[in-house]
Amino acid sequence: MDFTYAPAPESRSIVDLKASYGLFISGQFVDGHGSSFKTISPATEEVLAEVAEADDADVDAAVKAARRAHTRVWSRMPGSERAKYLYRIARIIQERSRELAVLESLDNGKPIKESRDVDVPVVAAHFFYYAGWADKLEHAGFGTTPLGVAGQVIPWNFPLLMLAWKVAPALACGNTVVLKPAETTPLTALLFAEICQQADLPPGVVNIVTGAGGTGQAIVAHPDVDKVAFTGSTEVGKAIARAVAGTGKKVTLELGGKAANIVFDDAPIDQAVEGIVNGIFFNQGHVCCAGSRLLVQESVADELLERLKRRMGTLRVGDPLDKNTDVGAINSAAQLQRIRELSDVGEAEGAGRWSPPCELPDRGFWFPPTIFTGVSQAHRIAREEIFGPVLSVLTFRTPSEAVEKANNTPYGLSAGVWTEKGSLILHMAGALKAGVVWANTFNKFDPTSPFGGYKESGQGREGGRHGLAAYLKGGDL
Amino acid sequence: MARDTTRIDVRKTYKLFIGGAFPRSESGYSYVVNDAKGKFVANAALASRKDARDAVVAARKAAGGWAGRTAYNRAQILYRVAELVEDRRPQFLLAVQQSEGLSAAKAGDVLDAAIDRLVWYAGWADKLTQVVGNANPVAGPFFNLSTPEPTGVVAVLAPQESSLLGLVSVVAPVVVTGNTAVVVSSYDRPLPAVTFAEVLATSDVPGGVINVLTGSAATVGPWLASHMDVNAIDLTGIAGDTALATDLEVAAADNLKRVRRAPAAEPDWTLTPGLDTMTDFVEIKTVWHPMGV
Numbered sequence: 027m028d029f030t031y032a033p034a035p036e037s038r039s040i041v042d043l044k045a046s047y048g049l050f051i052s053g054q055f056v057d058g059h060g061s062s063f064k065t066i067s068p069a070t071e072e073v074l075a076e077v078a079e080a081d082d083a084d085v086d087a088a089v090k091a092a093r094r095a096h097t098r099v100w101s102r103m104p105g106s107e108r109a110k111y112l113y114r115i116a117r118i119i120q121e122r123s124r125e126l127a128v129l130e131s132l133d134n135g136k137p138i139k140e141s142r143d144v145d146v147p148v149v150a151a152h153f154f155y156y157a158g159w160a161d162k163l164e165h166a167g168f169g170t171t172p173l174g175v176a177g178q179v180i181p182w183n184f185p186l187l188m189l190a191w192k193v194a195p196a197l198a199c200g201n202t203v204v205l206k207p208a209e210t211t212p213l214t215a216l217l218f219a220e221i222c223q224q225a226d227l228p229p230g231v232v233n234i235v236t237g238a239g240g241t242g243q244a245i246v247a248h249p250d251v252d253k254v255a256f257t258g259s260t261e262v263g264k265a266i267a268r269a270v271a272g273t274g275k276k277v278t279l280e281l282g283g284k285a286a287n288i289v290f291d292d293a294p295i296d297q298a299v300e301g302i303v304n305g306i307f308f309n310q311g312h313v314c315c316a317g318s319r320l321l322v323q324e325s326v327a328d329e330l331l332e333r334l335k336r337r338m339g340t341l342r343v344g345d346p347l348d349k350n351t352d353v354g355a356i357n358s359a360a361q362l363q364r365i366r367e368l369s370d371v372g373e374a375e376g377a378g379r380w381s382p383p384c385e386l387p388d389r390g391f392w393f394p395p396t397i398f399t400g401v402s403q404a405h406r407i408a409r410e411e412i413f414g415p416v417l418s419v420l421t422f423r424t425p426s427e428a429v430e431k432a433n434n435t436p437y438g439l440s441a442g443v444w445t446e447k448g449s450l451i452l453h454m455a456g457a458l459k460a461g462v463v464w465a466n467t468f469n470k471f472d473p474t475s476p477f478g479g480y481k482e483s484g485q486g487r488e489g490g491r492h493g494l495a496a497y498l499k500g501g502d503l
Numbered sequence: 029m030a031r032d033t034t035r036i037d038v039r040k041t042y043k044l045f046i047g048g049a050f051p052r053s054e055s056g057y058s059y060v061v062n063d064a065k066g067k068f069v070a071n072a073a074l075a076s077r078k079d080a081r082d083a084v085v086a087a088r089k090a091a092g093g094w095a096g097r098t099a100y101n102r103a104q105i106l107y108r109v110a111e112l113v114e115d116r117r118p119q120f121l122l123a124v125q126q127s128e129g130l131s132a133a134k135a136g137d138v139l140d141a142a143i144d145r146l147v148w149y150a151g152w153a154d155k156l157t158q159v160v161g162n163a164n165p166v167a168g169p170f171f172n173l174s175t176p177e178p179t180g181v182v183a184v185l186a187p188q189e190s191s192l193l194g195l196v197s198v199v200a201p202v203v204v205t206g207n208t209a210v211v212v213s214s215y216d217r218p219l220p221a222v223t224f225a226e227v228l229a230t231s232d233v234p235g236g237v238i239n240v241l242t243g244s245a246a247t248v249g250p251w252l253a254s255h256m257d258v259n260a261i262d263l264t265g266i267a268g269d270t271a272l273a274t275d276l277e278v279a280a281a282d283n284l285k286r287v288r289r290a291p292a293a294e295p296d297w298t299l300t301p302g303l304d305t306m307t308d309f310v311e312i313k314t315v316w317h318p319m320g321v
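Protein sequences, first through last, are from chains A and L. With positions in the first sequence counted from 1, the corresponding number in the working numbering is that position plus 26. With positions in the second sequence counted from 1, the corresponding number in the working numbering is that position plus 28.
Here is the structure:
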């Protein structure tokens, strides 16, 4: 069967892009002292805007603003009042959801279907959820004393969602924040700054400084930052852990992963195929908890792979703003390069590479959905995080072999289990060293549900009641 | 002291406790342990890098089985440890008096507190999950449950001053949740830790769950902090040594160990502990499953 789709692009006219953006410090957009950089649309390489690169002095100004706001306003305000600001923000996010979704897809390259139906709704839900905690902290079990100023550094894969995961609990607990969005995806964070203005959030409670690694380091190293929250690579996470050694700074880290998605022979196979596709091709595989290692029970491997390939043949890769698009653009040239490199290594090491026939646009950064079969645990594509739409397929015979292979990684962020047998699910869920286990589902996120990794996938949890611990004094968990 | 002066007493050799056995240090080194007044008491084994690594191997080997025990079973075993410490009161009293230079009455208080602390932690085995776990009401048709699980192998630098109460206060919370431990005792006051290890060996604690090294935290600590098969480290035993604590935190970052930081000074062990003593070394695991027909 041949399906052709007429283009169904979402209009980008709702987004009012400025030619250049400053830093958001103490409630105002200000020019930075540093240089500026361009942020582009990864789908077209079109320059979207110029963004200021915050230097050490800018970061210092932002931290000072945050400290002032913490001391004079935010820490003194009753939780019930803080809550109302957060509810306001949640509501404005809902009101401006279309604009946020379009801007997110423009700057990040993710399909509008995902930014519209996943990212932005979950962002609003996150603020709504933590708003309600602000005046109930004494019931949460971690005390009620905020840490002070939180320095937060977030990645480019879920720009606005990661902002929400960081900012909402921090503010609910009475902290103020200095947040740095990723270099390649600063725009929704800057739009969020406008939302803070619309909400009349007191100046300095949220400060947003754009920049690259150097700006992030300045935040982490700043002596008046009480808390560092980072989502990104394990390599940078380790550098942060070293940088805060010997200080009193509290740290939470959400880092890389190499999740096993385990399919048993009695699994509902079509649902499993959907779960596998969602697990690795959601957000172009730019997901720290992506199900990037498929472990399939040997007896159903052939059938499963056949169906998986058939399903992959229906994925539409292309314009992120097209409402039919399933797989959007790779976020940056650098990331595309890394995906290509590791995929070439996979081929060179002897794994079988397959992608469905798929036309890729001429401009922009693109990589077709790809699977590697015949992968062994020694292969680099089975060990290293690719962070792209690339799935490594391994097989197993027994549940204990599946557990051993799944846990044979320095990571431990997430895992998937597919079987109709309840007792096997609970056995596997217990045995897997992963902070999130999705059974007969994958890549589900909710503000009430704690998220975070074992081992080198990070420290601490974000989301849920447990997520409050990261922003309160004496709150350990 | 009306002792029979015609008989020569049989003295104990104080050894390490690794994997349920009592080896001497692989290095062949020992060091002199004096009592609080400076009088010779015994030679203690001086744990080496190799001993630390052997202990980690033993702890890793024991980890799966211990974590797989029921919480009720772990509770009973820890309670059994309390029973046996109580049973050896005179021995521990003497050891604490010698180590810490306390009067008999004060040493008795310390011993009481140590035993009670073990009982307190034993009771947590099957309650912590209920207190720190959560059912999460996600916005969709899913069952969603968060529970604390052991982090894995935990290196514990035990306090330098409180040789028994401090020791049990850092060891019990680590193992009650299903972790296994490699413990470096107080350097100057190691003997209560060895006697405690002898209790562990006879109280149904599986070999390897708690390994006790006598020696220097400054020497052995760095090997444990940088060991890639150790999941977490408690730096309580180097309280006040900021430079060493910073070094160990940096080393621990190599595999992102969970770190319980060194306090500025040794804590007051008579205070009731907080849950953080346990939750610092657990991982919250969240399991999702769809609901539907």
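Ideal Cβ positions, reconstructed from N, Cα and C, are used throughout, including at glycine.
Query, Result
"Could you name each continuous alpha helix (DSSP H) segment of 4 residues or more that falls completely within the region 158–200 of chain A, going from the start of the chain to the end?", "185–198"
"Measure the C-alpha to C-alpha separation of Val233 (chain L) and Ala86 (chain L) and round it to an integer number of angstroms.", "13 angstroms"
"Of the residues that make up the region 79–98 of chain L, which ones have a beta carbon closer than 7 angstroms to any beta carbon in chain A?", "none"
"From Leu146 (chain L) to Leu192 (chain L), what does the alpha carbon distance come to, in whole angstroms?", "11 angstroms"
"From Val227 (chain L) to Val109 (chain L), what distance separates their C-alpha atoms?", "7 angstroms"
"Counting only beta-carbon atoms, is Lys431 (chain A) nearer than 8 angstroms to chain L?", "no"
"Is the region 462–473 of chain A touching the region 305–317 of chain A in the sense that three or more CB pairs, one from each, lie closer than 8 angstroms?", "yes"
"To the nearest angstrom, how far is it from the Cα of Ile365 (chain A) to the Cα of Val277 (chain A)?", "30 angstroms"
"Give the DSSP bridge partners of Leu241 (chain L), in chain order.", "L:Val212"
"Indicate whether at least one CB of chain A lies closer than 8 angstroms to the CB of His317 (chain L).", "yes"
"Could you tell me which residues DSSP pairs with Tyr59 (chain L) in its beta bridges?", "L:Ala72"
"Please tell me whether Ser284 (chain L) has its Cβ less than 8 angstroms away from any Cβ of chain A.", "According to the sequence displayed, residue 284 (chain L) carries Leu and not Ser. Answer yes: the Cβ-Cβ gap between Leu284 (chain L) and chain A drops below 8 angstroms somewhere."
"Please classify Tyr100 (chain L) as buried or exposed, where buried requires at least 16 other C-beta atoms within 10 Å of its C-beta.", "exposed"
"Among A:Asp352, A:Ser418, A:Val77, A:Ala457, whose alpha-carbon lies nearest the alpha-carbon of Glu427 (chain A)?", "A:Ala457"
"Based on DSSP bridge pairs, tell me the residues matched to Tyr47 (chain A).", "A:Val77"
"Run down chain L in chain order and give the residues with a C-beta less than 7 angstroms from the C-beta of Tyr480 (chain A).", "Glu311"
"Which one of A:Gln54, A:Val289, A:Leu362 has the shortest CA to CA distance from Ile451 (chain A)?", "A:Val289"
"List the residues of chain L that Thr485 (chain A) touches, going by C-beta distances under 7 angstroms, in chain order.", "This sequence places Gln at residue 485 (chain A); Thr is not what is there. Residues of chain L passing the Cβ test: Leu284, Arg286."
"Do the region 389–404 of chain A and the region 333–352 of chain A meet, that is, are 3 or more Cβ pairs less than 8 angstroms apart?", "yes"
"Can Val85 (chain A) and Ala244 (chain A) be called in contact, C-beta distance under 8 angstroms?", "yes"
"Just checking: is the beta-carbon of Ile451 (chain A) within a distance shorter than 8 angstroms of some beta-carbon in chain L?", "yes"
"Give the residues from the region 42–56 of chain L that approach chain A closer than 9 angstroms (Cβ to any Cβ), ordered along the chain.", "none"
"What would DSSP say about Asn172 (chain L), mapped onto helix, strand or coil?", "strand"
"Say whether chain C places a C-beta atom closer than 8 angstroms to the C-beta of Arg268 (chain A).", "Among the chains of the structure shown, chain C does not appear; the protein chains present are A and L."
"Kindly provide the ranges of any beta strand (DSSP E) runs that are 3 or more residues long and lie completely inside the region 311–377 of chain A, ordered along the chain.", "319–323"
"Just to confirm the assignment: which complete alpha helix (DSSP H) runs, minimum length 4, are found wholly within the region 415–476 of chain A?", "425–433, 448–457"
"Would you verify that the beta carbon of Val303 (chain A) is, or is not, closer than 8 angstroms to some beta carbon of chain L?", "no"
"Work out the CA separation of Thr30 (chain A) and Pro228 (chain A) for me, nearest whole Å.", "51 angstroms"
"In three-state DSSP terms, what is Glu488 (chain A)?", "strand"
"If you draw a straight line from the alpha carbon of Gly493 (chain A) to that of Thr208 (chain L), how long is it in whole angstroms?", "26 angstroms"
"Please list, in chain order, the chain A residues whose beta carbon lies closer than 7 angstroms to that of Ser174 (chain L).", "Pro476, Gly490, His492"
"Would you call the CB atoms of Ala70 (chain L) and Leu219 (chain L) closer than 8 angstroms?", "yes"
"Apart from the five residues on each side of it in sequence, which residues of its chain come closer than 7 angstroms, Cβ to Cβ, to Ser334 (chain L)?", "Residue 334 (chain L) falls outside the range modelled here, since chain L spans only 29 to 321, and no answer is possible."
"How many angstroms separate the CA atom of Thr70 (chain A) from the CA atom of Gly372 (chain A)?", "28 angstroms"
"What does the alpha-carbon distance come out to for the pair Ile306 (chain A) and Pro415 (chain A)?", "6 angstroms"
"Determine the contact status of Asn182 (chain L) and Asp262 (chain L), defining contact as a CB-CB distance below 8 angstroms.", "For the record, residue 182 (chain L) in the displayed sequence is Val; it is not Asn. Going by C-beta atoms, Val182 (chain L) is nearer than 8 angstroms to Asp262 (chain L)."
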